[in-house]
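Data block below; observations after.
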């Protein structure tokens, strides 16, 4: 069994209207040191082992559904869960 | 001409679309549920607005994988007219039938009001009844209508005259190049955020959307009149 953490964010080149609004809010609260915020999505997947390579499966899932690669980038972390 | 109005769980403009075709245009129309496996009997496909599958994950992302979408793709490849309005456009983008993607409106607000549009290209099967450059008023109602594509795609859209409608006077949502509606390269798939089906009768506050549906029927008659 694997635990997979997927992070999806807008591409660097794409303006993030939500991030911009939250950044302005933080700055008006006095946190001038915050210069940029990118808002994204965090997903946790439980994936059973199969005969396919786990990286290949997760890439496919992200490209197909979890991210829209026209405007979003994704990255993930895979953790093997040992069940006793 | 026989139209299909595709109904997804969460569609909410399907009845408006049906009304526009049946009562205003006087053509045949049927609701088609999202798990349908054939659209062969239909001449035109309409994807209405709404919040398909709750718009979870991204607008249109889940609807794009419903059974009927394979048939919509087939119909598009066969050259049948396919019109996606609002959530319908978002589904067409997710399905890759149109280029680009939608972001949250620049203001982050859901905007529901009539806006002015400019007909950029009246040489399509969806816009031939309009004058080129005609200014029309059509309502919008969306939270994610901020169109985005990369530079290269935008150049391609312009060069190929795929921008059918732009926002005129005021850009309500931050869309790139004021884009309100685009077609595919072949010109038989149109996606637009504004709702032409909501303005097909003066009783509804305006009828500027009617010519869009009349254009589709006119084009279809021109091609199929020989058969009759």
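Chains as they are written, first to last, in this note's numbering: chain D, 44 to 127; chain A, 13 to 240.
Glycine included, C-beta positions come from ideal geometry on N, C-alpha and C.
Just checking: is the beta-carbon of residue i within a distance shorter than 7 angstroms of some beta-carbon in chain A?
i: residue 70 (chain D); result: no
i: residue 101 (chain D); result: no
i: residue 80 (chain D); result: no
i: residue 104 (chain D); result: no
i: residue 121 (chain D); result: no
For a contact meaning CB atoms closer than 8 angstroms, what does residue i contact in chain D?
i: residue 158 (chain A); result: 60
i: residue 106 (chain A); result: 111
Would you say residue i faces chain D, with C-beta separation under 7 angstroms as the test?
i: residue 120 (chain A); result: yes
i: residue 75 (chain A); result: no
i: residue 233 (chain A); result: no
i: residue 113 (chain A); result: yes
i: residue 210 (chain A); result: no
Would residue i and residue j be called neighbours here (beta carbons separated by less than 7 angstroms)?
i: residue 80 (chain D); j: residue 160 (chain A); result: no
i: residue 88 (chain A); j: residue 80 (chain A); result: no
i: residue 157 (chain A); j: residue 185 (chain A); result: yes
i: residue 91 (chain A); j: residue 236 (chain A); result: no
i: residue 227 (chain A); j: residue 140 (chain A); result: yes
i: residue 190 (chain A); j: residue 183 (chain A); result: yes
i: residue 176 (chain A); j: residue 193 (chain A); result: yes
i: residue 50 (chain D); j: residue 118 (chain D); result: yes
i: residue 104 (chain D); j: residue 121 (chain D); result: no
i: residue 22 (chain A); j: residue 72 (chain A); result: no
i: residue 173 (chain A); j: residue 133 (chain A); result: yes
i: residue 30 (chain A); j: residue 19 (chain A); result: no
i: residue 100 (chain A); j: residue 59 (chain A); result: yes
Quick check on the burial criterion: 16 or more other C-beta atoms within 10 angstroms. Buried or exposed for residue i?
i: residue 45 (chain A); result: exposed
i: residue 85 (chain D); result: exposed
i: residue 163 (chain A); result: exposed
i: residue 106 (chain D); result: exposed
i: residue 112 (chain A); result: buried
i: residue 223 (chain A); result: buried
i: residue 233 (chain A); result: exposed
i: residue 187 (chain A); result: buried
i: residue 102 (chain A); result: buried
i: residue 77 (chain A); result: exposed
i: residue 117 (chain A); result: buried
Could you name the residues of chain D that residue i contacts, counting a contact when the two beta carbons are closer than 7 angstroms?
i: residue 70 (chain A); result: 111
Excluding the 5 residues flanking residue i on each side, which residues of the same chain have their C-beta closer than 8 angstroms to its C-beta?
i: residue 121 (chain A); result: 155
i: residue 14 (chain A); result: 39, 40, 41, 42, 53, 54, 55, 56
i: residue 207 (chain A); result: 25, 28, 61, 97, 98, 150, 151, 152, 153, 221
In chain A, what lies closer than 8 angstroms to residue i by C-beta?
i: residue 57 (chain D); result: 115, 160
i: residue 114 (chain D); result: 113, 115, 160
Give me, in chain order, the residues of the same chain whose beta-carbon lies closer than 6 angstroms to that of residue i; leave out the 5 immediate sequence neighbours on both sides.
i: residue 48 (chain A); result: 80
i: residue 124 (chain D); result: 44, 46
i: residue 110 (chain D); result: 51, 117
i: residue 124 (chain A); result: 153
i: residue 69 (chain D); result: 77
How would you list, in chain order, the residues of chain A whose beta-carbon sits under 9 angstroms from the beta-carbon of residue i?
i: residue 88 (chain D); result: Residues of chain A passing the Cβ test: none, with the nearest at roughly 13 angstroms.
Does residue i have its Cβ less than 7 angstroms from a Cβ in chain C?
i: residue 135 (chain A); result: Given the protein chain composition of this structure (D and A), no chain C is represented.
Tell me which residues share the same chain as residue i and place their Cβ nearer than 7 angstroms to its Cβ, disregarding the 5 neighbours each side in the sequence.
i: residue 59 (chain D); result: 53, 81, 82
i: residue 213 (chain A); result: 36, 219
i: residue 126 (chain D); result: 44
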